[in-house]
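This report concerns only the one structure given below.
Protein chains: 2
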Amino acid sequence: MAQPKVNVPPMKDLTIDNITENTILTNSQCPDQRLTYLMERLVTHLHDFARETRLSTKEWMAALDFLVGVGQISSDVRHEFILLSDILGLSLLIDAINHPKPPSSTEGSVLGPFHTHDPPSIANGETISSDPAGEPLLVLCTVKDRDGNPIEDVKIDIWETDSSGHYDVQYAESKGADGRCVMRSDKDGKFWFKAIVPVPYPIPGDGPVGKLLGMLGRHNWRPAHLHFMFAKQGWDHLVTALYVKGDPYETSDAVFGVKESLIVEFGTVTGEEREMYGVNEGCKVLRHAFVLVGEEETDSLRDRNAREALEKLGRRVRLVEGLPVPDVD
Amino acid sequence: MAQPKVNVPPMKDLTIDNITENTILTNSQCPDQRLTYLMERLVTHLHDFARETRLSTKEWMAALDFLVGVGQISSDVRHEFILLSDILGLSLLIDAINHPKPPSSTEGSVLGPFHTHDPPSIANGETISSDPAGEPLLVLCTVKDRDGNPIEDVKIDIWETDSSGHYDVQYAESKGADGRCVMRSDKDGKFWFKAIVPVPYPIPGDGPVGKLLGMLGRHNWRPAHLHFMFAKQGWDHLVTALYVKGDPYETSDAVFGVKESLIVEFGTVTGEEREMYGVNEGCKVLRHAFVLVGEEETDSLRDRNAREALEKLGRRVRLVEGLPVPDVD
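Residue numbers (full-length UniProt numbering), protein chains in the order written: chain A, 1 to 329; chain B, 1 to 329.
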């Protein structure tokens, strides 16, 4: 790297009281206004955290080593920093900020670290789980707008664990994608598939995040759920999940994902359904209607929420493409 | 992991406005009061950061991927999270909080990511650098208390780059420790060794931290310096460095380490010194006296600073072994 010209204001003798403003000043050389604002808030909060806790050198070192561990256990199929974000409530918060929901639309939930980008495409009626120990579940869904009109050709990602509570990617020896698929809604907004009844499961406890939960005296269980992700041009991207009513972890999800409106009860297939979908008598059935929101409506709601929140915080910023940047005179 | 009993207060329907208090409540199951306080402040600042920036899903994901990268490039000889802490001004702040300095004592500076734990022990007068291209430097030091009394048998770590600005551990093919040593002060508090004149150098630019500096429009250079670390039972641990006067990066150190009191000028050896230390005519010499502070004095100063700062912040905490914990009635 060539030795660049020095163009920062002179800095020397930095102390507890002036390090923050000087770090922010140095970072304000950044040509990207949004990044400048992100760094200003990051440095302020990071330094305030250290000042308020009088963070010891030993704790600082332990935290940095913890973060190295979180990075090093991560891989193509395991994102331990997403897991960390999940258990700190950050993932829920990010989803709530970015995907505000007007009344009668389907609420969002946490993505989690186990979504993959290459699940098999299936047609309506196919089976997503090959687990013979799983209890069969017929899933009959529609996807609509807020006026009740069906939305066709929505790309839907679905993923769940096997009956032992593990996602396919958690097995050391990969047997290929299982318990996951991508499908598309038909012209009536319908999609249906065969799955297994989801079970509660612990999020990975063998890494730094599991160890942290242990130190905090927290359990690492998630209530039984099925993940869904909806994508179609012009509609707000929806990441959500359906939770099974009565689960022992319904009100203590390790990653804060449960919402009352996302809790479902299973029924039993009718005779007509048995015949139509080729399932056995007594098979459990999940019937659910998802409601998407138009992208413009979400964008305008998000902007309004941002303006209101930032005004309340008394911050001198303006929104550019929905995101705050410093309001420099 | 056995399925533990659920013992958290019921949580559901978490939102932008209630996720923080609920995450803190869940974490307050922690049996360790100090960790409870650290997590309370961490979660508060992390969530406030997201709320104030209206952090987008894309930015959140980019940040988590960045952190994975920081972890994955780290190794036994490269701690990229220390480097990240350094360029964010956090390392300087942590040192300032933990090692407050009374008047006339030697100030601290950043440790940096290149200290190692197994440098060779050398006796007074030995050479720490094998680099033939380096300009020879004779270093004559003493270590004293604030009253000017010598302190003997202090363990001193010293490390510097070679003349190309690289530490030994930065070479892919290790040639063993070079440019570093550990030595002990003699009964008069003296220690002396032969080194090379330090040069300015860029901190590693090939990892995520270097990339971030580039995005921020910041250079990644440190002014020329020699690292020193002093350890002796009963004395406050001192991590510091001496900086060369007139360096082009004297007032823009990428990691905020420079202090006026740590800037030194080199002299030229006297005839007597040439004979005594076996160096050539015209050899540069660095003469410096380091002043350590008693551990009790530092502890009491740190406690006083902490109490004053926390009182000013209006925080309901008390100090346990010098560190704030929640003040629960």
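Beta carbons: idealized from backbone N, C-alpha and C, even for Gly.
Burial state of His117(A) (16 or more Cβ within 10 Å):
Looking at its Cβ environment, which holds fewer than 16 other Cβ atoms inside 10 Å, His117(A) is exposed.
When the distance is taken between beta carbons, is Val154(B) closer than 8 Å to Ala63(B)?
Result no, Cβ atoms of Ala63(B) and Val154(B) do not sit closer than 8 Å.
Spatial distance of Ser109(B) from Ala50(A) (CA atoms):
Each residue's CA atom was taken as its position, placing Ser109(B) and Ala50(A) some 17 Å apart.
For a test of the three-state rule: what should DSSP assign to His166(B), helix, strand or coil?
DSSP places His166(B) in coil when its eight states are reduced to three.
Determine, for Gly165(A), whether the minimum Cβ-Cβ distance to residues of chain B falls below 8 Å.
Chain B contact via Cβ: absent.
So Ser56(A) and Val255(A) are in contact, right, with Cβ under 8 Å, and what is the actual spacing, rounded?
Between Val255(A) and Ser56(A) the Cβ distance is about 29 Å, and since that is not below 8 Å, they are no contact.
What runs of the beta strand (DSSP E), each 3 residues or longer, lie entirely inside the UniProt domain "Intradiol ring-cleavage dioxygenases" (129-272) of chain B?
Segments of the beta strand (DSSP E) lying fully in the UniProt domain "Intradiol ring-cleavage dioxygenases" (129-272) of chain B: 136-144, 155-159, 180-184, 190-196, 225-231 and 238-244.
At least one CB of chain A closer than 8 Å to the CB of Ile82(B): is that the case?
So yes, Ile82(B) belongs to the interface.
Check whether Arg307(A) and Leu323(A) have beta carbons under 8 Å apart:
The answer is no: Cβ separation not under 8 Å.
Can you look up Leu14(A) in the DSSP assignment and give me helix, strand or coil?
It is coil, neither helix nor strand.
Cut-off 6 Å between Cβ atoms - residues of its own chain near Ile263(A), not counting five sequence neighbours on either side
Within the same chain, Tyr243 and Lys245 come within 6 Å of Ile263(A) by CB-CB distance, once the 5 residues on both sides are set aside.
Selected residue, minimal CA-CA separation from Leu84(A), among Arg54(A), Lys175(A), Arg316(A) and Gly207(A):
Answer by Cα proximity: Gly207(A).
Counting only Cβ pairs nearer than 8 Å, list the residues of chain A close to Gln72(B).
From the beta-carbon of Gln72(B), the residues of chain A found nearer than 8 Å are Gly71, Gln72 and Ser74.
Under the three-state reduction of DSSP, which class applies to Lys58(B): helix, strand or coil?
Helix at Lys58(B).
Report the partner residues of residue 333(B) according to the DSSP bridge assignment.
Only positions 1 to 329 of chain B appear in the structure, and residue 333(B) is not among them; the question remains open.
Residue from Met276(B), Asp236(B), Asn220(B) and Ser185(B) whose Cα sits closest to the Cα of Ser252(B)
Scanning Met276(B), Asp236(B), Asn220(B) and Ser185(B) for the CA closest to the CA of Ser252(B) turns up Asn220(B).
Does the Cβ of Asp236(A) have 16 or more other Cβ atoms within 10 Å, making it buried, or fewer, making it exposed?
Counting of Cβ neighbours within 10 angstroms places Asp236(A) among the buried residues, the total reaching 16 or more.
Relative to the C-alpha of Asp131(A), which candidate in Gly234(A), Arg180(A) and Thr270(A) has its C-alpha closest?
Comparing Cα positions, the closest option is Arg180(A).
Short CB-CB distance (under 8 Å) between Cys30(A) and chain B:
By this cut-off, Cys30(A) is an interface position.
Below 8 Å on the Cβ atoms is my contact criterion, and I expect Thr298(A) with Val285(A) to pass it. Report the Cβ-Cβ distance as a whole number of Å.
At roughly 31 Å, the Cβ-Cβ gap does not stay under 8 Å, so Thr298(A) and Val285(A) are not in contact.
Here's a check: name, in chain order, each residue in its chain whose Cβ is nearer than 7 Å to the Cβ of Asp327(A), leaving out the five neighbours to either side.
Around Asp327(A), the same chain offers Arg316, Val317 and Arg318 as residues with beta carbons nearer than 7 Å, after the five sequence neighbours per side are excluded.
Please decide whether Asp188(B) counts as near chain A, where near means a Cβ-Cβ distance under 8 Å.
Using beta-carbon distances, Asp188(B) does not count as an interface residue toward chain A, since no partner is under 8 Å.
With a threshold of 16 other CB atoms inside 10 Å of the CB of Asn18(B), please say whether the residue is buried or exposed.
Taking all protein chains in view, the Cβ of Asn18(B) is surrounded by fewer than 16 other Cβ atoms within 10 Å, so the residue is classified as exposed.
Take every Cβ of the stretch 74-81 of chain B, pair it with every Cβ of the stretch 75-83 of chain A, and state whether three or more of those distances are shorter than 8 Å.
No, the stretch 74-81 of chain B is not in contact with the stretch 75-83 of chain A.
Which residues in the same chain have their Cβ closer than 6 Å to the Cβ of His227(A), if we skip the five residues on either side of it in sequence?
When the five nearest sequence neighbours on each side are left out, the beta carbons in the same chain lying within less than 6 Å of the beta carbon of His227(A) are those of Trp159 and Ala241, in order along the chain.
If you draw a straight line from the C-alpha of Leu137(B) to the C-alpha of Met276(B), how long is it?
Here the alpha carbons of Met276(B) and Leu137(B) stand approximately 15 Å from one another.
How big is the Cα-Cα spacing for Val199(A) and Arg41(A)?
Going by the C-alpha atoms only, they are around 40 Å apart.
Under 7 Å from the C-beta of Asp13(A): neighbouring residues of chain B
For Asp13(A), the C-beta contacts it makes with chain B under 7 Å involve Lys259 and Glu260, in order along the chain.
Please report the straight-line C-alpha distance between Ser185(B) and Val143(B), rounded to a whole angstrom.
So the alpha carbons of these two residues sit roughly 7 Å apart.
Can you name the residues of chain A whose CB is closer than 7 Å to the CB of Ile158(B)?
Residues of chain A passing the Cβ test: none, with the nearest at roughly 20 Å.
Using a beta-carbon distance below 8 Å, is Ile203(A) in contact with chain B?
Closer than 8 Å: no.
Taking a contact to mean a Cβ-Cβ separation below 8 Å, would you say Glu107(B) touches Lys211(B) in this structure?
Cβ distance not < 8 Å, so Glu107(B) and Lys211(B) don't count as in contact.
Sorted by chain position, which residues of the same chain lie with C-beta nearer than 6 Å to Pro119(A)'s C-beta, five sequence neighbours on each side aside?
Excluding residues within five positions, the ones whose Cβ falls inside 6 Å are Ala177, Arg180, Cys181 and Val182.
Between the Cα of Asn305(A) and those of Tyr37(B), Thr53(B) and Thr26(B), spot the shortest distance and give me the residue it belongs to.
Taking only the C-alpha atoms, the option nearest Asn305(A) is Thr53(B).
Closer than 7 Å by C-beta to Glu152(B): which residues in its own chain qualify, once you throw out the five before and the five after it? Chain order, please.
Counting only Cβ-Cβ distances below 7 Å, and skipping sequence neighbours, we find Ser185, Asp186, Lys187 and Gly189.
Residue of Asn27(B), Pro9(B) and Leu14(B) minimising C-alpha distance to Gly217(A):
Considering only alpha carbons, the answer is Asn27(B).
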